[in-house]
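Asker: Here it is, the structure, as structure tokens.
In our numbering, the protein residues as written are 318 to 1290.
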């Protein structure tokens, strides 16, 4: 927006430029000079280098002997657009917090790296032919420049980039640790795969078909181990987008079943993909949340994503030899199951590749309802058509509450194991293979979705949970399902089992035991969490350290062959296809470099020909473990030195699982990044590589800096800086009226403000103060360039309280401050200390401002002791001006490691406080009393107060309520 603001440089009263009238005034130009000098000083002197207890970063032993603080920001992606003022919010906050802890005697590790693999660089490479590494590294250089200008106190020796082969060597190494591990339920931990092989070899664990291990072929052994490995390849149902030529994660598919990028159709397809068996850790991922200091909202999202459900597995016989297994949390309603629904992808429907295994018959059974057939002549035709229809929908679409229920009868009936009744088996897209067993027993009387499906397909319903309202027990008369746990079971009796009259909880226990006794079911726990799809058909990612032999068996590369570096390719884009052609397969960019793909290697049993994996790892991989590399970034021999990891991240009092002391980032990473990082940490811990069970002990989600988006009549964003406001809230751009809406800040929305702009106009310290003063750190807030000048003026007043603007010399005196100033000072110290420790930087700034204003109003030179402590208070927030003032006050050492002020309790407590005296709720007097006054003394003083005596006018007193030292309430008789 166009606006009128006071020039930061200002002008003198006589009209001469401020720099001439006051050559040492704090201006944008002086701020720029101060900031550049101190940034150079910090870099040259290694001011922010944190010593390790051992290794090449050991440093001064005295430094490592201090209590430690490991403070982290979430990995930034090096965008080509650079930073706007919304990006540094969290970076500045962690920097303030880190600076405060350095000043309170801590050894602080604070650094920042770059999560540099990603789709934007690859897209840019496809468009321009520029290698992704070239554009990414240029972006990193620019972001480092912008971040340095903000005065962030990072230990640059520890900064990492995920695209550096020296870094992703260890990403590949971790993958191999996961690949070469299995989850041992008895140990409740991951163990090396060799221990599983030993069990098979010794006969302690039977093979799936009972044959001795030595009789299995290499392929058979590999397939058996693949069912246990924590990293495994399988034919997984994926979101295949022919128009983009790649598989998409669920998060990249819209609710309409199209790609977020390009709006192409997305189909369900089975492709050979790498997966991480994160489901093995579901219970521990859930349980260990209790020991973390995270926002409850984030814990809740993780719990919901993991989705623990207690219920029962139940087998429904089909014909003489097959069975359909369901998982249900309402086994108490088993008598009410009148039909079944399978996912269209269910193996009993799809069958195997050789055409066998499907239960779908050749013809419709006699008496099949027309509405069940979908208008098809045979079950096979109906099922094939419906499966094709379902494949065009995303999981999100399939789970949405659709008005019209779709499905088709398979031509098969199953047997209800408790009632013995034959129930029809349908397929419908609202059942997913990804949850439970991919099959449900439908109890339409007591489930809303089943009820709607039953009505649509004219299926029977049976009431087995007695309604607590007045609807009766005939579902034919109902408008919706009765779904309640607070009810009694009815119509649920057979020859060997009766649940009638039981409440839901007791009925569950009884039926579960009955199923288990007969070997047709058992109580079990199910999780919504699915295994982590770990393959991408892209170029710009970590190559898998996996090769395949001539039989297609996967082999891990030895550590000596790491890193496996990305090869050069002529075309960075995956092969694309007709967007509507679902019958296609991905062709990855890496597969085109045949010299790289087909190699001869000696993996310990002589030279052989192998084929490399041509998928790459997802962009989550590098950010799953970067906290560990910050600790020991130059270690070529190990992921991290155990002593170093134990020092910075090991479990300790208050941190039972260990981890980073503070991790700050956006709530948008509440689930996936955090869940994946937690999974890798647990695997590494189980295998003995790290002492910490969790990566991040304390999590804090900062809010978002928002900005107004202005759009013309076409809905197109227009440059916010060129919008004008007229007539009190009406906005125009180039003469045309535009709308205004608060939203995100970004280049595409034409409302981005860069930190470079603000630094040039006011200085970095002003920007830092403004972002921290805008409001509570965890709350989103709108950016207002016009308000920045308020923090600039605070720094100008601070400067004038210490420095003579004409000479540049310090103006402080050695005289003792008066009591009012001491009280203002120590109250500020006390408040700022509490605020800093609890990330309340906006209120800390308010307290510093109040103290500075007190000194300004007092007039005259400021006492040296007060000036020094004021500078120390603001040092974490505005480090450049603090360093300059600290030096002008005669100190030769950096303010970074100076001691933070400590409040004197004698001055923190008010000398007197005002006590309000009320009679019948109305104020009659105010007393100035000591804060420590007792209830009895305060009551006596209030009753003796002349104004109170006059107001009572001789009336008796029924009760006196005293809340020392602030309130006395008198109730007359």
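Cβ coordinates follow ideal geometry from the N, Cα and C atoms, glycine included.
Using only alpha-carbon positions, find the residue among 355, 695, 403, 958 that is nearest to residue 1196.
Answerer: Nearest C-alpha to residue 1196: 355.
Asker: Whose C-beta lies closer than 6 Å to the C-beta of residue 1278 among residues of the same chain, with five residues either side of it excluded?
Answerer: So the list reads 1286, once near-sequence residues are dropped.
Asker: Kindly give me the distance between the Cβ atoms of residue 592 and residue 549, rounded to whole angstroms, as I take these residues to be in contact under 8 Å.
Answerer: Correct: roughly 6 Å between the Cβ atoms.
Asker: Tell me where the alpha helix (DSSP H) around residue 1291 begins and ends.
Answerer: Only positions 318 to 1290 of the chain appear in this structure, which leaves residue 1291 out of reach.
Asker: Any idea what DSSP makes of residue 839, helix, strand or coil?
Answerer: Three-state DSSP puts residue 839 in a strand.
Asker: From what residue to what residue does the beta strand (DSSP E) around residue 732 run?
Answerer: Where residue 732 is concerned, the enclosing beta strand (DSSP E) stretches over 725-732.
Asker: Between the segment 389-398 and the segment 452-465, do at least 3 Cβ pairs fall closer than 8 Å?
Answerer: Enough Cβ pairs lie closer than 8 Å, so yes.
Asker: Could you check what DSSP says for residue 1113 in three-state terms: helix, strand or coil?
Answerer: In this structure, residue 1113 counts as helix in the three-state DSSP scheme.
Asker: In angstroms, rounded to a whole number, what distance separates the CA positions of residue 449 and residue 391?
Answerer: Between residue 449 and residue 391, the C-alpha separation is close to 22 Å.
Asker: Taking residue 920 as the reference, give the member of 912, 1256, 876, 944 with the closest Cα.
Answerer: Per the Cα distances, 876.
Asker: Using beta-carbon positions only, say whether residue 1291 and residue 798 come within less than 8 Å of one another.
Answerer: Coverage of the chain is limited to positions 318 through 1290, which leaves residue 1291 absent and any answer about it impossible.
Asker: Can a CB atom of chain C be found closer than 8 Å to the CB of residue 1207?
Answerer: The question asks about chain C, but that chain is absent: this structure has only one protein chain.
Asker: Helix, strand or coil: which one does DSSP assign to residue 934?
Answerer: The answer is coil: DSSP assigns residue 934 none of H, G, I, E or B.
Asker: For residue 444 and residue 453, what's the separation of their Cα atoms in angstroms?
Answerer: About 15 Å.
Asker: Using the C-alpha atoms, what's the distance from residue 998 back to residue 930?
Answerer: Cα-Cα distance, rounded: 25 Å.
Asker: Using CA coordinates, which residue listed in 1118, 536, 699 is at the minimum distance from residue 871?
Answerer: Looking at the Cα atoms, 536 is the closest of the given residues.
Asker: Compute the distance between the beta-carbons of residue 726 and residue 743, then report whether it is under 8 Å.
Answerer: Yes, the Cβ-Cβ distance between residue 726 and residue 743 is below 8 Å.
Asker: Using the Cα positions of residue 502 and residue 598, report the straight-line distance between them to the nearest angstrom.
Answerer: Cα-Cα distance, rounded: 10 Å.
Asker: Mind checking who residue 499 pairs with in its DSSP beta bridge?
Answerer: Looking at the DSSP assignment, residue 499 forms a beta bridge with 508, 546.
Asker: Where are the alpha helix (DSSP H) runs, 4 residues long or more, that stay fully inside the segment 798-875, in chain order?
Answerer: List check, alpha helix (DSSP H) in window: 821-834.
Asker: Three or more C-beta pairs closer than 8 Å, one from the segment 1067-1086 and one from the segment 343-354: is that the case here?
Answerer: Yes, the segment 1067-1086 is in contact with the segment 343-354.
Asker: Give me whichever residues DSSP pairs with residue 629 in a beta bridge.
Answerer: DSSP lists 645, 840 as partners of residue 629.
Asker: Exposed or buried, which one is residue 1274 when buried takes at least 16 other CB atoms within 10 Å?
Answerer: Burial call: exposed.
Asker: Can you give the beta carbon distance from residue 412 to residue 470, rounded, assuming they're within the 8 Å contact cut?
Answerer: Rounded, the Cβ-Cβ distance is 6 Å, consistent with contact.
Asker: Which residue from 1109, 818, 706, 374 puts its Cα closest to that of residue 585?
Answerer: Among 1109, 818, 706, 374, the Cα nearest to that of residue 585 belongs to 706.
Asker: Evaluate the contact criterion for the segment 1060-1070 versus the segment 986-1003: three or more CB pairs, one atom per stretch, below 8 Å.
Answerer: No contact exists between the segment 1060-1070 and the segment 986-1003.
Asker: Which of helix, strand or coil does DSSP assign to residue 783?
Answerer: In the structure shown, residue 783 sits in coil (DSSP, three-state: anything other than H, G, I, E or B).
Asker: Check whether the Cβ atoms of residue 1094 and residue 415 sit closer than 8 Å, and answer yes or no.
Answerer: No.
Asker: For residue 407, name the three-state secondary structure that DSSP assigns.
Answerer: DSSP places residue 407 in helix when its eight states are reduced to three.
Asker: Which first and last residues belong to the beta strand (DSSP E) in which residue 591 is found?
Answerer: Residue 591 -> beta strand (DSSP E) spans 584-593.
Asker: Among 1289, 700, 553, whose alpha-carbon lies nearest the alpha-carbon of residue 728?
Answerer: Here the closest residue by C-alpha is 700.
Asker: When DSSP builds the beta bridges, which residues end up paired with residue 413?
Answerer: DSSP lists no partner for residue 413.
Asker: In chain order, what residues of the same chain lie with their CB nearer than 8 Å to the CB of residue 963, ignoring the 5 residues before and after it?
Answerer: The answer, listed in chain order, is 1008.
Asker: Determine contact between the segment 604-619 and the segment 563-571, defined as no fewer than three beta-carbon pairs at a distance below 8 Å.
Answerer: Because the criterion of three Cβ pairs below 8 Å is not met, the segment 604-619 and the segment 563-571 do not touch.
Asker: Roughly how many angstroms separate the alpha carbons of residue 1242 and residue 1236, rounded to a whole number?
Answerer: If you take the alpha carbons of residue 1242 and residue 1236, they lie about 9 Å apart.
Asker: If you draw a straight line from the alpha carbon of residue 513 to that of residue 499, how long is it in whole angstroms?
Answerer: Approximately 8 Å between the Cα atoms of the pair.
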